[in-house]
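Heads up, the thing below is written out as structure tokens.
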Amino acid sequence: MQRQTQVGKLTPAKLFWLFMAGSLGGVVVETLWCVLTTGTVQSRAGVLYGPFNPVYGIGAVLLTVLLTAVEHRGNLWLFGCGALLGAGYEFAYSYIEERLLGTVSWEYSHLPFSIGGRVNLFYALGWGALGLFWIRVLYPRLDAFISRILQQQAGWLTVAVAIFMAVNMGLSFMAVGRQAQRREGVVAADPLAVFLDTHYSDAVLQQRYPNTQVQK
Numbered sequence: 006m007q008r009q010t011q012v013g014k015l016t017p018a019k020l021f022w023l024f025m026a027g028s029l030g031g032v033v034v035e036t037l038w039c040v041l042t043t044g045t046v047q048s049r050a051g052v053l054y055g056p057f058n059p060v061y062g063i064g065a066v067l068l069t070v071l072l073t074a075v076e077h078r079g080n081l082w083l084f085g086c087g088a089l090l091g092a093g094y095e096f097a098y099s100y101i102e103e104r105l106l107g108t109v110s111w112e113y114s115h116l117p118f119s120i121g122g123r124v125n126l127f128y129a130l131g132w133g134a135l136g137l138f139w140i141r142v143l144y145p146r147l148d149a150f151i152s153r154i155l156q157q158q159a160g161w162l163t164v165a166v167a168i169f170m171a172v173n174m175g176l177s178f179m180a181v182g183r184q185a186q187r188r189e190g191v192v193a194a195d196p197l198a199v200f201l202d203t204h205y206s207d208a209v210l211q212q213r214y215p216n217t218q219v220q221k
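For the sequence shown, the numbering used here assigns the number 6 to the initial residue and increments by one for each residue that follows.
Printed below as a string of structure tokens:
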């Protein structure tokens, strides 16, 4: 039986900082991957301000909470559950994004072993490897680092960053929601819509989210 990773208790503050670490780390990794595969640097952020993508942050929290519950069963379980969790998360997120905003942030139909263009076997296996690496290598180190920060009475920092991200994510969602309305020909009829049209035009959002594809 695999020895269980030694980490501290999961608290709301710790989960929040894991979310932030995943949001930042995912953007860094995907940006490097883009440079290596295409030779170009493109924005991989999921919010209007800062190098953060909540998709990866939520993924980090889900991997942590759900995989720590099965890690005592061994590495094969971690790999398999990570693959299923990652594929399920990708499918659900893609479906919800398309239903709410009429867009998708990834499309795998051109690859073999894909389901609806939302999930792909290759990426599911990648999620499995990531889940194993996360629980056995990254998470214990992040847990120790975050615990040291929280022990320094850094509650004010947690609150400040949480407020920033809440506003950032809310504004980002409203901006892309208003973009969806513009595609449907809805004219700005209130001060908020005018503000969003003025500051977050289609050109601005295209530069910020170059991978986003409109579904016909």
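Where a beta carbon is used, it is the ideal one built from N, C-alpha and C, also for glycine. Only a predicted model underlies this, so the values are computations on that prediction, with no experimental measurement involved.
- Minimum Cα-Cα distance from Val181 among the listed residues Thr45, Leu210, Phe84 corresponds to Leu210.
- By the Cβ rule, the stretch 71-79 does not count as touching the stretch 100-117, because fewer than three pairs are nearer than 8 angstroms.
- Within 10 angstroms of the beta-carbon of Lys19 lie 16 or more other beta-carbons, which makes it buried.
- In this structure Gly87 is in contact with Leu137, their Cβ atoms being roughly 6 angstroms apart against a cut-off of 8 angstroms.
- Between Asp195 and Ala129, the alpha-carbon positions lie close to 43 angstroms from each other.
- Spatial neighbours of Phe118 in its own chain (CB-CB distance under 8 angstroms, excluding positions within 5 residues in sequence) are listed in chain order as Asn125, Leu126, Phe127.
- According to DSSP, residue pairing for Gln218 in a beta bridge involves Val109.
- In the three-state reduction of the DSSP assignment, Val164 falls in the helix class, which pools H, G and I.
- Around the CB of Gly30, 16 or more other CB atoms lie within 10 Å, so the residue is classed as buried.
- A distance below 8 angstroms separates the beta carbons of Gln220 and Val109.
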